[in-house]
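Novice: Chains as they are written, first to last, in my numbering: chain B, 1 to 249; chain R, 250 to 498. Handing you a structure now.
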C-alpha cells in the first residue's frame, strides 16, 4: 500500500481543532491541489472562499447548527458552484451563453467540478497531518451565507471544509459493503439480494456502535437514514438555486 | 512536498491506454478508496458500476462521442448519484422518505457524494501509476446508458472514469490564477479586477497553446468557453432527472 492510498483509507472526519491558523503556504498548497482536479471540458466552474474574519466564522458556525469547529480551526474553506465567471465571459466575448448556463446539465457540471476540487483539497490537507470535516450545514441558510460572502447570482455555496491541527481523533466509520456499492456491468437487479446486503450492513453497524458505546447505542444504518430522511430539511433549495439562475431548464 | 501532494499536482487527463484489464485487487483498492471519502450525514448516496462487457463498453464509447479510450483501457467505472437505496430503506423501515429524496437538496447531496468518491478513486489510481480520464460524454445520452446498465429510478449515471496503464503522456494544463479562484472573506466585488484576472489568464493560455503547437493554435480560454457554452448541449437533462424522480421540488 502506497502513502497516497494509506492517507485516503485513513480518513475520518475530525471535529476538534487547535485555534491556530494555517500558514499562507499551506493555504496555497491546498488550493493548488484543489485546482489540479479534473474539470469538465476545462470549464473550472467553481470558486473557493477562505473565511478568516472571526465574526463571519462565528456567524457561519451558528448557521451550520452551532458547530464550534466551524469557528475554531486552522482555516475554513467554502466551495461554491460558480457559473458567474462564465456569464461574465459571455459579456466579454459577446456570446449568448445564458441558455447553457441556466441548464440542469451545467448546474450538475458545476457541482461535480466543485466537489472534485474539494476532495483534492481534503486529501492534500490530510497528507499534511491536518484534520478535515466537510460542513454541509452551511446549506441550512444559504441566503444568509450568500449575504456574508457577498456572492453574486450564478454562485451557490455548496459546503464548507474545516481544516486544522486535530486535538481529538475519532474512529474510521465502516462503509457499505463493497458488493453493495459496486456493481458489474449492470445495476443489481435482484431486490432481495440488495435488501439482504443492507440488512447485513445494518447488523454490522449496530454491533459497531454497541461495542463503542458499551451497549448504549445500537442503531442500524437503515434506521438512521430513515430518521434523517423523514425530516424534510432544506426544502427551500430549489427556489434558492433557481432564484440564483441555475438549474432552470 | 509529500508523495500525496506530488501525485495530486501531477494530474493530467490521459486518453491512451494499454488493452490490459486491472486486477480484481486493483479494482477493490480503487473502490475502497472511493468509499473512504466523506459522505453527507453518512448517507452514502452513490453507486459505482464497473463495465467489463466488451459490447457495452463499445456502445458507451459511441455514446461518449466515439472516444476509443472508453473502450480500450484497464477498467471503466461509472459513478452514479443513487437515492434508490434510500427509497428501498423507506419501504424497509416503513417511513415516508419520498419528499426528502425528491428534493433538490438531496439531489445535490447525491451529486456531491458521488463526486467526492470519484476523486478519491482517481487519486488512488494515479498513485498506482495508472492514468485516468473522466468521461462526462456518457451524459450525451443517459436514456441509452440507463438501459445498458439497467439502473432503476432515482439513480443518475453522472460520469465515467476510465483507468489504465497509459501509453501516451500529455502535458499538465495550467489552471486559472490562484487569486481568481480563491477569495478571502468575500467574493471579489470589483468586476474590473475579476475581468482583468481573466484576461491575464487568457494571455497565458494563448501563449501556452502557441508554444505547444508551433503557432498553429493560440485560442484564449474565454473564447474556448464562450464557444462551448454557445452550443446548447444536453438540454434534455432536467426532464431526464425529473423523470427519474430526483430534483423535483
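Glycine is no exception: its CB is placed at the ideal position from the N, C-alpha and C atoms.
1) What in chain R is Cβ-close to residue 159 (chain B), meaning under 9 Å?
2) Quick one: which chain B residues come within Cβ less than 7 Å of residue 383 (chain R)?
3) Residues of chain R with CB closer than 8 Å to the CB of residue 173 (chain B), please, in chain order.
4) Give the DSSP bridge partners of residue 182 (chain B), in chain order.
5) Please state the DSSP three-state secondary structure of residue 104 (chain B).
6) Whose Cβ in chain B lies nearer than 8 Å to the Cβ of residue 369 (chain R)?
7) So what does DSSP say about residue 90 (chain B), is it helix, strand or coil?
8) If residue 384 (chain R) and residue 374 (chain R) are in contact, beta carbons under 8 Å, what's the gap, nearest whole angstrom?
9) Per DSSP, what kind of secondary structure is residue 331 (chain R) in: helix, strand or coil?
10) If you draw a straight line from the alpha carbon of residue 50 (chain B) to that of residue 26 (chain B), how long is it in whole angstroms?
11) Out of B:174, B:56, B:183, point me to the one whose CA is closest to residue 285 (chain R)'s CA.
12) From residue 344 (chain R) to residue 232 (chain B), what distance separates their C-alpha atoms?
13) Looking at residue 34 (chain B): is its Cβ nearer than 9 Å to the Cβ of residue 80 (chain B)?
14) Would you mind reading off the limits of the beta strand (DSSP E) that contains residue 257 (chain R)?
15) DSSP on residue 464 (chain R), reduced to helix/strand/coil?
16) Just how far apart, CA to CA, sit residue 371 (chain R) and residue 209 (chain B)?
17) Report yes if the C-beta distance between residue 138 (chain B) and residue 48 (chain B) is below 9 Å; otherwise report no.
18) In this structure, how does DSSP classify residue 278 (chain R) when only helix, strand and coil are distinguished?
19) Where residue 254 (chain R) and residue 183 (chain B) are concerned, what is the direct C-alpha to C-alpha distance, given to the nearest angstrom?
20) If the cut-off is 8 Å on Cβ atoms, which residues from the region 456-490 of chain R count as contacting chain B, listed in chain order?
21) Use the C-beta contact count for residue 442 (chain R): other C-beta atoms within 10 angstroms, 16 or more gives buried, fewer gives exposed.
22) With a threshold of 16 other CB atoms inside 10 Å of the CB of residue 102 (chain B), please say whether the residue is buried or exposed.
23) Of the residues R:475, R:339, R:399, R:415, which one's Cα is nearest the Cα of residue 225 (chain B)?
24) At least one CB of chain B closer than 9 Å to the CB of residue 415 (chain R): is that the case?
25) Which chain R residues sit within Cβ distance under 7 Å of residue 194 (chain B)?
26) Span of the beta strand (DSSP E) holding residue 408 (chain R)?
27) Which residues of chain R have a Cβ atom closer than 7 Å to the Cβ of residue 75 (chain B), listed in chain order?
28) Kindly list the residues whose CB is nearer than 6 Å to the CB of residue 202 (chain B), restricted to its own chain and excluding five residues on each side of it in sequence; keep chain order.
29) Just checking: is the beta-carbon of residue 63 (chain B) within a distance shorter than 9 Å of some beta-carbon in chain R?
30) Can you give the Cα-Cα distance for residue 93 (chain B) and residue 455 (chain R), rounded to whole angstroms?
31) Is the beta carbon of residue 178 (chain B) less than 9 Å from the beta carbon of residue 376 (chain R)?
32) Closest to residue 321 (chain R) by CA distance: which of R:391, R:410, R:369, R:259 is it?
33) Compare the C-beta of residue 15 (chain B) against all C-beta atoms of chain R and say whether one is closer than 9 Å.
34) Kindly indicate if chain R contains any beta-carbon less than 9 Å away from that of residue 67 (chain B).
35) Helix, strand or coil, according to DSSP, for residue 195 (chain B) in the structure here?
36) Counting C-beta neighbours from all protein chains within 10 Å, is the total for residue 462 (chain R) 16 or more, i.e. buried, or is it exposed?
Specialist: In this structure, then:
1) For residue 159 (chain B), the neighbours in chain R by C-beta distance under 9 Å run, in chain order, 289, 361.
2) Under the 7 Å cutoff, chain B gives 38.
3) For the C-beta of residue 173 (chain B), the chain R residues within less than 8 Å are, from N- to C-terminus, 291.
4) In the DSSP output, where bridge partners are listed per residue, residue 182 (chain B) has R:297.
5) In this structure, residue 104 (chain B) counts as helix in the three-state DSSP scheme.
6) The answer, in chain order, is 8, 119, 123.
7) Note: residue 90 (chain B) maps to helix in three-state DSSP.
8) Contact between residue 384 (chain R) and residue 374 (chain R) does not hold, since their C-beta atoms are separated by about 14 Å, which reaches or exceeds 8 Å.
9) Looking at residue 331 (chain R) - three-state DSSP - the assignment turns out to be strand.
10) Between the C-alpha atoms of residue 50 (chain B) and residue 26 (chain B) there is a straight-line separation of about 12 Å.
11) Comparing Cα positions, the closest option is B:174.
12) Approximately 12 Å between the Cα atoms of the pair.
13) Using a Cβ distance threshold of 9 Å, residue 34 (chain B) and residue 80 (chain B) do not count as a contacting pair.
14) Where residue 257 (chain R) is concerned, there is no enclosing beta strand (DSSP E), although the alpha helix (DSSP H) it sits in stretches over 252-258.
15) Residue 464 (chain R) falls in the coil class under three-state DSSP.
16) Taking the straight line joining both Cα atoms gives about 31 Å.
17) No, the Cβ-Cβ distance between residue 138 (chain B) and residue 48 (chain B) is not below 9 Å.
18) Correct three-state label for residue 278 (chain R): helix.
19) Looking at the two C-alpha atoms, the distance is approximately 31 Å.
20) Cβ contacts with chain B: 470, 471, 472, 473, 474, 475, 476, 477, 478, 479, 480, 481, 482, 483, 484, 486, 487, 490.
21) Residue 442 (chain R) should be labelled exposed.
22) Buried, since its Cβ has 16 or more Cβ neighbours within 10 Å.
23) Ranking the options by Cα distance to residue 225 (chain B), first place goes to R:339.
24) Not an interface residue.
25) Residues of chain R passing the Cβ test: 337.
26) Segment 404-413, the beta strand (DSSP E) holding residue 408 (chain R).
27) Result: empty, since nearest Cβ-Cβ is about 10 Å, beyond 7 Å.
28) Listed in chain order, the non-local C-beta contacts of residue 202 (chain B) below 6 Å within the same chain comprise 220, 221, 222, local neighbours out to five positions each way being set aside.
29) No, no contact with chain R.
30) A straight-line Cα-Cα distance of about 15 Å links residue 93 (chain B) and residue 455 (chain R).
31) It is not a contact, given that the beta carbons lie outside the stated cut-off.
32) Closest in C-alpha terms to residue 321 (chain R), from the list R:391, R:410, R:369, R:259, comes R:410.
33) For residue 15 (chain B), not one C-beta of chain R is nearer than 9 Å to its own C-beta.
34) Not an interface residue.
35) If DSSP states are grouped into helix, strand and coil, residue 195 (chain B) belongs with the helices.
36) Exposed is the call here.
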